[in-house]
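Residue numbers (my numbering): 51 to 624. Data first, discussion second: the structure below is written as structure tokens.
Pasting the structure below:
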């Protein structure tokens, strides 16, 4: 028996060794996941409004944040201003900006930058983080960011920091329903949360209320039983006002002021103001409401800005009040592709109630700077506005904050490469409600071009890389290169309300290097490509930007361009 074992054992080991060697060799010779490398991106804005309205000495452009940066909230500590915006299912969440003068802004990061702070893995693009509020509490030298996260059961949350430059805490879940919370800190150290909520019994469609709670700063929680409705419906319930929301509370000269958005975040949007002797009310509306709106103006006005509302106030460096708010700049078809952007106006608070200066007449593209401020928006590091060109070769050690992903961290699929930025393709594609390997840049102009240099060779029909223009997973354009049989194809796909159509495809012979470009002239978009050393060639003619507009696609975000890769492609060339 032992002799048989000794005889068989070498044969068994040899066979095992052979099989193991083959397995190893197969692993080494398996095709590696096909990874495009993007070496250069150029975004160029070219809106007529900026060409026709050049800046003069002492002026700056409005909006201050172009592209989908909606629902601004602002706070001040000393000479430092911090501003945050909604980010919905974008990751990282809640972009945060810093300024010394309200004109020149630098993005210093994102408030919710870790998966322990934000889970939007399966969220639709217009879910996730809504209407953040940011407030500095001088009583304990702490900053608070409070928001509603409509995802993964998060609900209303608050995060804190002593220094917004150094990151924020993990979220504390708050025990109340509703949306759009903000925190107010009184002089005596007491604190309150105000927010939008449903009424006990809705009287009409869009009927909402504003509630206030006392807030325990030691436990970081609203105090049970302290909630109270302080606004029912809006300024005048008899007129059935809709969507009273986005409340902020202020104190001036011993009185309490409650400012809210009213009318919904579309064409009837406005800002209204109330006053009380107590943070718990009763709050009496101003007789001059709304204090900010564009809804009553001629719809055909030049350089149209619309949907103004959802505002927050702060005292500026010149000891004058200013208000940041959202508004949109529609294209010639009155469609909103750039999304809801962040604007600013001076506020006259010389009387009993604050009023946005020129907030009820057509908004102008330029404003006068506060006295003593120098416009630095064209300088490196400051957030640009007006017409500008942004170039990226991905050679920096860190990725610019303007590059974002959807539903998951960018680090899940990007990798630094000696020639640029490598995208590791996920099996998901751009039309799925899931994280995809797509790096996005917001559309910031109605007239723009966005080009990307890419090195990529697809191995099969499941491989595709290129660029996308996306409003959401159901409304987008895909422009990329894939493989069919033994040939390479460039294709343009339009997805409208989940229906996918290949508008054009072209067999191409190339050696891996390809330039892809999308250009928009208002509602008209064109996609083109260039092989190494050649001029750009259009594919698909001129297509409509309708599906990239909020009006057609719905939701709360603007259009974004993305660098895209997938190993789960289902777009088949004609």
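Using N, Cα and C, we set each Cβ at its ideal position, and we do this for glycine too.
For residue 98, the uninterrupted alpha helix (DSSP H) segment begins and ends at 98 to 102.
In the structure shown, residue 385 falls within a coil segment according to DSSP collapsed to helix, strand and coil.
Judged by DSSP secondary structure, residue 601 falls within the alpha helix (DSSP H) whose first and last residues are 600 to 603.
Sixteen is the threshold: when 16 or more other Cβ atoms of the shown chains lie within 10 Å of the Cβ of residue 354, as they do, the residue is buried. In the DSSP assignment, residue 293 is bridged to no other residue. With 16 or more other Cβ atoms inside 10 Å of its own Cβ, residue 206 counts as buried. Residue burial is scored here from C-beta neighbours: residue 129 has fewer than 16 other C-beta atoms within 10 angstroms and is therefore classed as exposed.
Counted as a single uninterrupted DSSP element, the stretch harbouring residue 164 is not any beta strand (DSSP E), since DSSP gives it neither H nor E.
Going by beta carbons, residue 362 and residue 124 fall inside the 8 Å limit. By the C-beta density criterion, residue 288 is exposed, having fewer than 16 other C-beta atoms within 10 angstroms.
The secondary-structure analysis by DSSP pairs residue 396 across a beta bridge with 372. In this structure, the alpha-carbon of residue 176 lies about 24 Å from that of residue 249.
For residue 282, the enclosing beta strand (DSSP E) starts and ends at 278 to 282. Here the alpha carbons of residue 565 and residue 259 stand approximately 52 Å from one another. Boundaries for residue 425: no beta strand (DSSP E) harbours it, and the DSSP string shows neither H nor E there.
Secondary structure of residue 460 (DSSP, three-state): helix. Taking 8 Å as the cut-off, the Cβ atoms of residue 398 and residue 407 count as close. Three or more Cβ pairs closer than 8 Å define a contact, and the region 469 to 483 falls short of that threshold against the region 94 to 103. Burial check for residue 252: the Cβ neighbour count within 10 Å stays below 16, so the residue is exposed.
For residue 488, the enclosing beta strand (DSSP E) starts and ends at 487 to 492. By DSSP's assignment, residue 543 forms a beta bridge with 528, 552. Residue range 610 to 616 is occupied by the beta strand (DSSP E) that includes residue 612. Across the set 329, 342, 336, the C-alpha of 342 shows the shortest separation from the C-alpha of residue 311.
Residues 391, 392, 393 of the same chain have their beta carbon placed closer than 6 Å to that of residue 113, with the five preceding and five following residues left out of the count. Within the same chain, and ignoring the five residues on either side of residue 459 in sequence, the residues whose Cβ sits closer than 8 Å to its Cβ are 141, 142, 165. Residue 530 sits away from residue 520, with the two beta carbons spaced by 8 Å or more. Boundaries of the beta strand (DSSP E) around residue 566: 563 to 571. By the neighbour-count criterion, in which 16 or more other beta carbons inside 10 Å mark a residue as buried, residue 104 falls on the exposed side. Check the Cα spacing between residue 591 and each of 580, 583, 542, 603: the tightest is with 542.
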